[in-house]
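Residue numbers (the working numbering): 1155 to 1565. Even for Gly, the Cβ is constructed at its ideal location relative to N, Cα and C.
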Ligand SMILES: Cc1ncc(COP(=O)(O)O)c(C=O)c1O
């Protein structure tokens, strides 16, 4: 069968795949409950508080805070950790810009290090090598739900007296040795933006196991207020990063079906990895054996163009899309963003411009990953197994005709 890009019938169309987001009467009923409650503000209603507690419990953390989004969660975490002007925070190169943005918002210096080429998560050796007397914290990103080595990172941070934050924006439902993502670091930060595994359009949650750190973050999120004290007593700086009750209500509904979805995604992802491994030049994103469940924000696999007649990644992606496979795209490595190449941080880091020169920074593994990984949208993992396996079939079809595609298509 000719691949669709050469005029064959596409393997599937978008109708086959579940839509995202998903909702039903649970969302309707909880939204209506929040409406009829009349306490629409998060301090008056209880949807946000209940959601934050339920979400924390699901991920085996003691405390949860409901926040506007998954960027503000990290800002609140950094504030609570005492990270500020001129401090250094080590972050990985392969992440969404928000991981760095939260550090810049604290007027701290993002120290960007490389990632492990197989798992795409922060490289521990690079973290250790980047520590200086000014380092205050490390943020690890669980890329596409594959967890960074939280045990080793926790130990390394403890050894160097550093704060450890997990950016779990991709990792709802990731579990490591029985414990949830976000429960290992001083803080675990989650996003509920529309593409995430649970969503209210926007939203964030900040998990924590330490009562004092949690209280500090809560105070920052709520205008510097302190629970139980006078309404207009603001003992410290804070801002308004409160989630709305509508989001809290929707997220409680999303959480109620999340466990079943997570199991289905994990089963389908494992089967897809096995099927892809049968095609030379393709292999799934690596994950540590101690991780028993992965909250696939995307299904990510490595692509080797040599096994496809030298076909560039962008052409391979175009071929997959023409077979009807919904794809996202890798983040560019942070050091290649114009903002970093030109140190264009607006009013941030003015006094630290010498330390914040990224123009010569090279991150080979992050840069290579951005050019050689395929990101499939997570909604496909909620399909029937045979449909998911068609992704491997599509890749094989493209490989069989790779030479012809390369001769026919303009690069
Ligand atoms: C790795 C990572 N960190 C942080 C964020 C920021 O989350 P939000 O969009 O909710 O601010 C995202 C969102 O896409 C993300 O992918």
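By how many angstroms is the C-alpha of residue 1160 removed from the C-alpha of residue 1404?
44 Å
Quick one: measure Cβ to Cβ for residue 1351 and residue 1485, integer angstroms, because I've assumed they're closer than 8 Å.
So it is not a contact: roughly 17 Å between Cβ atoms.
Work out the CA separation of residue 1524 and residue 1543 for me, nearest whole Å.
24 Å
Look up residue 1218 in the DSSP assignment and say whether it is helix, strand or coil.
strand
Ends of the beta strand (DSSP E) at residue 1226?
Per DSSP, residue 1226 lies in no beta strand (DSSP E) segment; the continuous alpha helix (DSSP H) that holds it begins and ends at 1226-1234.
Just to confirm before moving on: does the CB-CB distance between residue 1243 and residue 1291 stay below 8 Å?
yes
Measuring straight from C-alpha to C-alpha, what distance separates residue 1282 and residue 1268?
Here the alpha carbons of residue 1268 and residue 1282 stand approximately 12 Å from one another.
Distance between beta carbons of residue 1340 and residue 1361, contact taken as under 8 Å
So it is not a contact: roughly 10 Å between Cβ atoms.
Return the CA-CA distance between residue 1317 and residue 1237, expressed in angstroms with no decimal places.
9 Å
Tell me the rounded alpha-carbon separation between residue 1313 and residue 1275.
21 Å
For a quick check, are the C-beta atoms of residue 1298 and residue 1439 less than 8 Å apart?
yes
Sorry if obvious, but does the Cβ on residue 1270 come closer than 7 Å to a heavy atom of ligand 1?
no
Does the beta-carbon of residue 1264 have 16 or more other beta-carbons within 10 angstroms, so that it is buried, or is it exposed?
buried
Is the CB-CB distance between residue 1497 and residue 1508 below 8 Å?
no
If you check the beta carbons only, do residue 1189 and residue 1406 fall under 8 Å apart?
no
Buried or exposed (CB count within 10 angstroms, at least 16 for buried), residue 1391:
exposed
Helix, strand or coil for residue 1253? Go by DSSP, reduced to three states.
When secondary structure is reduced to three states using DSSP, residue 1253 falls in the helix class.
Report the rounded CA-to-CA distance for residue 1530 versus residue 1437, giving the unit in angstroms.
The C-alpha of residue 1437 is placed about 13 Å away from the C-alpha of residue 1530.
Would you grab the beta carbon distance between residue 1201 and residue 1399 for me? Rounded to a whole angstrom, and I think it's under 8 Å.
Residue 1201 to residue 1399, Cβ: 5 Å. Contact.
Exposed or buried, residue 1561, counting other C-beta atoms within 10 Å across all chains shown (16 or more means buried)?
exposed
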